[in-house]
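> Got a structure here, written out as structure tokens. Questions coming.
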Amino acid sequence: MQHGIKRRQWTKDLLDQKREDDEKKIASYKSLVKSMFQCRDNDDYTYEAIELTTNLLDMNPEFNTAWNYRRDIISSIKTQLDLGFWKNELKFTMIQLKKFPKVYWIWNHRVWTLDNFPSQQLTIWQGELTVVDALLELDSRNFHGWHYRRMVISKIEELSHSSLNKKEFDYVTSKINKNISNYSAWHQRVQLITDMLSKDQITDKVDFIKKEIDYITNAIFTDAEDQSVWFYIVWMVKFPTIRALLSKEDYSNFLRELKDNALMINADEVDFSGKENVWCLKIVLEIEIIQRLLCEPIVEAVSKDYLEKLIKLDPLRQNRYRFLLSKLP
Amino acid sequence: MVVELLKEKHIEYVKSLDSKTETLEYWLSEHLRLNGVYWGLTALCILDSKDTFKKEDVVDFVMSCWNDKTGGFGPFPRHDAHLLATLSGLQILLTFNSIELITKNEQKLEQILQFIRGNQLEDGSFQGDRFGEVDARFSYNALSSLSILGRLTPEVVNPAVAHILKCLNFDGGFGLCPGAESHASMAFTCLGALSIVNKLDLLSPDQIDTIGWWLCERQVPEGGLNGRPGKLPDVCYSWWVLSSLAIIKKLNWIDSSKLSEFILDSQDDIKGGIADRPGNEVDVFHTVFGLAGLSLVGFHDLVKINPTYCMTYDVTDKIPKYPY
Numbered sequence: 026m027q028h029g030i031k032r033r034q035w036t037k038d039l040l041d042q043k044r045e046d047d048e049k050k051i052a053s054y055k056s057l058v059k060s061m062f063q064c065r066d067n068d069d070y071t072y073e074a075i076e077l078t079t080n081l082l083d084m085n086p087e088f089n090t091a092w093n094y095r096r097d098i099i100s101s102i103k104t105q106l107d108l109g110f111w112k113n114e115l116k117f118t119m120i121q122l123k124k125f126p127k128v129y130w131i132w133n134h135r136v137w138t139l140d141n142f143p144s145q146q147l148t149i150w151q152g153e154l155t156v157v158d159a160l161l162e163l164d165s166r167n168f169h170g171w172h173y174r175r176m177v178i179s180k181i182e183e184l185s186h187s188s189l190n191k192k193e194f195d196y197v198t199s200k201i202n203k204n205i206s207n208y209s210a211w212h213q214r215v216q217l218i219t220d221m222l223s224k225d226q227i228t229d230k231v232d233f234i235k236k237e238i239d240y241i242t243n244a245i246f247t248d249a250e251d252q253s254v255w256f257y258i259v260w261m262v263k264f265p266t267i268r269a270l271l272s273k274e275d276y277s278n279f280l281r282e283l284k285d286n287a288l289m290i291n292a293d294e295v296d297f298s299g300k301e302n303v304w305c306l307k308i309v310l311e312i313e314i315i316q317r318l319l320c321e322p323i324v325e326a327v328s329k330d331y332l333e334k335l336i337k338l339d340p341l342r343q344n345r346y347r348f349l350l351s352k353l354p
Numbered sequence: 238m239v240v241e242l243l244k245e246k247h248i249e250y251v252k253s254l255d256s257k258t259e260t261l262e263y264w265l266s267e268h269l270r271l272n273g274v275y276w277g278l279t280a281l282c283i284l285d286s287k288d289t290f291k292k293e294d295v296v297d298f299v300m301s302c303w304n305d306k307t308g309g310f311g312p313f314p315r316h317d318a319h320l321l322a323t324l325s326g327l328q329i330l331l332t333f334n335s336i337e338l339i340t341k342n343e344q345k346l347e348q349i350l351q352f353i354r355g356n357q358l359e360d361g362s363f364q365g366d367r368f369g370e371v372d373a374r375f376s377y378n379a380l381s382s383l384s385i386l387g388r389l390t391p392e393v394v395n396p397a398v399a400h401i402l403k404c405l406n407f408d409g410g411f412g413l414c415p416g417a418e419s420h421a422s423m424a425f426t427c428l429g430a431l432s433i434v435n436k437l438d439l440l441s442p443d444q445i446d447t448i449g450w451w452l453c454e455r456q457v458p459e460g461g462l463n464g465r466p467g468k469l470p471d472v473c474y475s476w477w478v479l480s481s482l483a484i485i486k487k488l489n490w491i492d493s494s495k496l497s498e499f500i501l502d503s504q505d506d507i508k509g510g511i512a513d514r515p516g517n518e519v520d521v522f523h524t525v526f527g528l529a530g531l532s533l534v535g536f537h538d539l540v541k542i543n544p545t546y547c548m549t550y551d552v553t554d555k556i557p558k559y560p561y
């Protein structure tokens with residue numbers, strides 16, 4: 026699997042050069058593989074065998090059988106290994122991850138190392154949070170990074186018997202403030218709010234939700250182009266807990282104001298660039314669905330009109346809009 | 238801009254893959270070899286050229302990847318077994334009408350069933366092997382494997398399904414585990430798994446519509462599909478997104494002719510093969526998923542692919558339907 030590697034035309038000279046370079050590397054790689062399998066099949070569980078896997082994994086971090094063998098060796102000679110060994114093991118995976126941040130097997134081995142770390146489990150996992158902070162600083166949408174962060178957090182919570190939800194909420198807020206299109210952070214915001222509400226960790230829930238409404242209002246006025254914030258807003262509009270917590274009047278106002286704001290942003294964009302904002306139109310559709318569901322009086326329903334517009338404005342997805350049109354009452 | 242599908246070139250490209258032993262990349266990718274063979278073979282099936290691979294050689298190779306200690310297949314001889322490679326091995330055997338090498342061999346069948354079932358965890362999820370990595374991909378691997386073997390059981394299926402449903406997010410996408418961000422590849426693994434065990438009806442019509450919405454928003458103006466909001470398009474999502482839309486019967490929610498253009502434009506018109514996007518280096522992974530995407534939208538005379546199994550219908554017709 027290769028991603029993002031530019032195609033190049035191989036001339037005969039280049040090919041010959043590559044073949045020559047590869048020849049030596051292949052020979053040493055194959056001999057390492059052969060020695061490793063020999064050791065493994067002879068149940069060789071020694072420190073030297075670990076070093077053999079190090080050399081092999083340096084050449085090929087995707088060789089999961091080598092990682093497996095490495096773990097089996099470590100497990101069987103655990104009592105002979107000091108703290109320095111475990112620290113080095115973390116260093117080893119870190120060096121590897123810097124080179125190959127998308128290789129699952131390295132992440133797995135790092136988790137295994139941390140899980141088996143012989144002392145100070147909590148401190149070790151807390152240190153890991155700094156690592157993942159740095160990683161997400163470099164690449165704020167890194168899929169492995171966010172997954173890893175959730176795992177690290179849940180380990181720390183488990184070991185410290187405390188919840189990090191509030192701290193994490195501040196963290197995702199700062200990530201979104203830095204880049205409003207960070208969908209990974211919006212996703213995590215949903216997870217955190219859902220969890221905080223269900224665990225009763227928010228003192229004044231209504232106040233919290235109202236602040237959240239202000240937050241998204243601000244967000245759409247800042248950047249209404251990107252789909253991230255809109256998916257989040259759809260969640261807010263539809264999430265039953267939020268509807269249940271707000272008074273009927275507050276919830277109706279929330280929908281109405283959101284609709285007005287979306288229409289206003291859209292009108293501004295039409296004035297400014299002559300183009301409609303498709304996401305403003307889409308959110309209005311969602312709001313009207315809810316309003317109909319709640320039997321709210323809808324002043325000037327626009328769904329039909331907007332769907333017909335969207336068929337033209339967003340032709341890639343025109344069949345979805347036709348489907349929604351067919352479902353309108 | 239490449240506008241034709243270069244069928245002959247792709248066949249030649251896939252054929253050439255096994256002769257690249259003088260390149261370092263060939264040896265460094267042993268851990269993906271069985272998957273690679275499945276990708277190549279399925280690409281050939283879509284191009285109606287299965288016989289380009291010599292059946293006996295390929296079947297022998299698959300059986301040489303069998304891991305006698307644990308049961309299951311490794312990706313290469315002597316490598317450890319893993320659910321990822323195990324599914325590829327079974328897919329290849331089924332394609333070459335050789336699945337009986339496992340199903341008619343009592344000891345191997347017992348071992349492989351134990352290997353697959355043994356990796357299911359208490360919450361219904363699956364780990365890829367004994368080292369505990371959990372991922373919805375492995376649920377798909379396990380259920381698809383058991384299905385090919387004709388050995389799905391409610392004891393395995395029901396908890397697996399319960400876990401998969403927990404991977405569905407608020408936005409209509411699926412994550413690799415509960416709480417993980419939506420990713421298009423996970424839509425395929427989760428919907429595919431539900432489809433294999435005939436449990437799609439556990440999703441409400443509203444949920445299906447939301448899933449379809451998130452999926453169709455993956456199409457970007459260039460015509461290609463991305464895997465998450467704000468990401469670049471990539472040919473492999475032609476499969477992950479499109480198969481998912483096909484499974485929920487909303488294939489027409491994206492513009493398939495624009496997608497076809499994007500895939501065609503990602504071909505290498507000199508040596509064949511398809512890349513992740515126009516101008517990039519090709520590989521067999523993007524080649525098969527590009528072709529599979531084109532097959533799903535009914536491109537010319539390509540052999541029809543089954544969106545649930547990612548194998549052509551002539552192959553999947555042999556799989557018994559669950560519940561038995």
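Chains as they are written, first to last, in the working numbering: chain A, 26 to 354; chain B, 238 to 561.
C-beta: ideal position from N, C-alpha, C; glycine also.
1. Counting only the same chain and skipping the five closest in sequence on each side, list residues whose C-beta sits under 7 Å from that of residue 321 (chain A).
2. Quick one: list the residues of chain B neighbouring residue 47 (chain A), beta-carbon separation under 8 Å, in chain order.
3. Can you give me, in chain order, the residues of the segment 357-375 of chain B that have a beta carbon less than 7 Å from any beta carbon in chain A?
4. Once you ignore the five residues that flank residue 382 (chain B) on each side, which residues in its own chain have a CB closer than 6 Å to its CB?
5. I want to verify the contact list: residues of chain B whose CB lies under 7 Å from the CB of residue 209 (chain A), in sequence order.
6. Run down chain A in chain order and give the residues with a C-beta less than 7 Å from the C-beta of residue 202 (chain B).
7. In the DSSP assignment, what residue or residues form a beta bridge with residue 548 (chain B)?
8. Mind reading off the beta-carbon distance from residue 379 (chain B) to residue 344 (chain B)? Whole number of angstroms is fine, and I expect it under 8 Å.
9. Give the straight-line distance between the Cα atoms of residue 477 (chain B) and residue 460 (chain B), rounded to the nearest whole angstrom.
10. Please report the straight-line C-alpha distance between residue 529 (chain B) and residue 281 (chain B), rounded to a whole angstrom.
11. Using only the alpha-carbon positions, how far apart do residue 299 (chain A) and residue 479 (chain B) sit?
12. What residues in its chain sit with their C-beta under 8 Å from that of residue 289 (chain B), if we drop five residues either side in the sequence?
13. Go ahead and pull the three-state DSSP assignment for residue 31 (chain A).
14. Strictly by DSSP, which residues pair up with residue 93 (chain A)?
15. Starting from residue 57 (chain A), trace the alpha helix (DSSP H) both ways and give me its first and last residue.
16. In its own chain, which residues sit with a C-beta less than 7 Å from the C-beta of residue 91 (chain A), not counting the 5 before and 5 after it?
17. Please name the residues in the segment 307-326 of chain B whose beta-carbon is closer than 8 Å to at least one beta-carbon of chain D, in chain order.
18. Kindly provide the ranges of any alpha helix (DSSP H) runs that are 4 or more residues long and lie completely inside the segment 349-424 of chain B, ordered along the chain.
19. Does residue 98 (chain A) come within less than 8 Å of chain B when only Cβ atoms are used?
20. Going by C-alpha distance, which of B:508, B:415, B:397 is nearest residue 179 (chain A)?
21. Within 10 Å of its beta-carbon, does residue 54 (chain A) have 16 or more other beta-carbons around it, so buried, or fewer, so exposed?
22. Just the chain A side, please: which residues come within less than 8 Å of residue 328 (chain B) by C-beta, in chain order?
23. Going along chain B, which residues have a C-beta under 8 Å from residue 90 (chain A)?
24. Under 6 Å Cβ to Cβ from residue 493 (chain B), same chain only, skipping five residues before and after it: list those, please.
25. Which runs of the alpha helix (DSSP H) fall wholly inside the segment 235-297 of chain A and span at least 4 residues, in chain order?
26. Can you tell me which of A:346, A:325, A:269 puts its alpha carbon nearest to the alpha carbon of residue 307 (chain A)?
27. Use the C-beta contact count for residue 312 (chain B): other C-beta atoms within 10 angstroms, 16 or more gives buried, fewer gives exposed.
28. Are the segment 460-476 of chain B and the segment 430-450 of chain B touching, with three or more C-beta to C-beta distances below 8 Å?
According to the structure shown:
1. Here residue 321 (chain A) refers to the residue found at position 296 of the first sequence. Correct list, in chain order: 277.
2. The residue you call residue 47 (chain A) lines up with position 22 of the first sequence. Under the 8 Å cutoff, chain B gives 259, 260, 261.
3. 368, 370
4. Indexing the second sequence from 1 puts residue 382 (chain B) at position 145. Here the set comprises 323, 324, 327, 353.
5. Residue mapping note: residue 209 (chain A) aligns to position 184 of the first sequence, counting from 1. 418, listed in chain order.
6. Within the shown structure, residues of chain B are numbered from 238 to 561, placing residue 202 (chain B) beyond reach of any answer.
7. Along the second sequence, one-based indexing puts residue 548 (chain B) at 311. Per DSSP, B:543.
8. Translated into the one-based positions of the second sequence, residue 379 (chain B) becomes position 142. Translated into the one-based positions of the second sequence, residue 344 (chain B) becomes position 107. That belief does not hold up - the Cβ atoms of residue 379 (chain B) and residue 344 (chain B) are roughly 20 Å apart, past 8 Å.
9. Residue mapping note: residue 477 (chain B) aligns to position 240 of the second sequence, counting from 1. Residue mapping note: residue 460 (chain B) aligns to position 223 of the second sequence, counting from 1. Going from the Cα of residue 477 (chain B) to the Cα of residue 460 (chain B) covers about 15 Å.
10. Counting from 1 along the second sequence, the entry for residue 529 (chain B) is found at position 292. Counting from 1 along the second sequence, the entry for residue 281 (chain B) is found at position 44. Their Cα atoms are separated by approximately 11 Å.
11. Counting from one through the first sequence, the residue named residue 299 (chain A) turns up at place 274. Counting from one through the second sequence, the residue named residue 479 (chain B) turns up at place 242. Straight-line Cα distance between these residues: approximately 33 Å.
12. Taking the second sequence and counting its residues from 1, the one referred to as residue 289 (chain B) is at position 52. Cβ within range, chain order: 248, 251, 252, 281.
13. Walking along the first sequence from the start, residue 31 (chain A) turns up at place 6. If DSSP states are grouped into helix, strand and coil, residue 31 (chain A) belongs with the strands.
14. Here the question's residue 93 (chain A) lines up with position 68 in the first sequence. The partner list for residue 93 (chain A) (beta bridge, DSSP) is empty, contrary to what the question assumes.
15. The residue given as residue 57 (chain A) occupies position 32 in the first sequence. Element bounds for residue 57 (chain A): 37-66.
16. Taking the first sequence and counting its residues from 1, one reaches residue 91 (chain A) at position 66. Excluding positions up to five away in sequence, the list reads 61, 78, 81, 82.
17. No chain D is part of this structure, whose protein chains are labelled A and B.
18. 373-386, 391-403
19. Position 73 of the first sequence, counted from the start, is the residue given in the question as residue 98 (chain A). False, the Cβ-Cβ gap to chain B never drops below 8 Å.
20. By 1-based counting over the first sequence, the position of residue 179 (chain A) is 154. Looking at the Cα atoms, B:415 is the closest of the given residues.
21. In the first sequence, residue 54 (chain A) corresponds to position 29, counting from 1. Burial call: buried.
22. For the purposes of this step, residue 328 (chain B) is identified with residue 91 of the second sequence, where counting begins at 1. Within 8 Å Cβ-Cβ: nothing; residue 328 (chain B) doesn't reach chain A, min ~17 Å.
23. Mapped onto the first sequence, residue 90 (chain A) falls at position 65. Ordered by position in chain B, the residues that pass the 8 Å Cβ test against residue 90 (chain A) are 268, 311, 315, 316, 317.
24. Taking the first residue of the second sequence as 1, we reach residue 493 (chain B) at position 256. Excluding residues within five positions, the ones whose Cβ falls inside 6 Å are 534.
25. 252-263, 265-270
26. One-based indexing of the first sequence puts residue 307 (chain A) at position 282. The residue with the shortest Cα to Cα distance from residue 307 (chain A) is A:346.
27. By one-based count along the second sequence, residue 312 (chain B) stands at place 75. Label assigned to residue 312 (chain B): buried.
28. no
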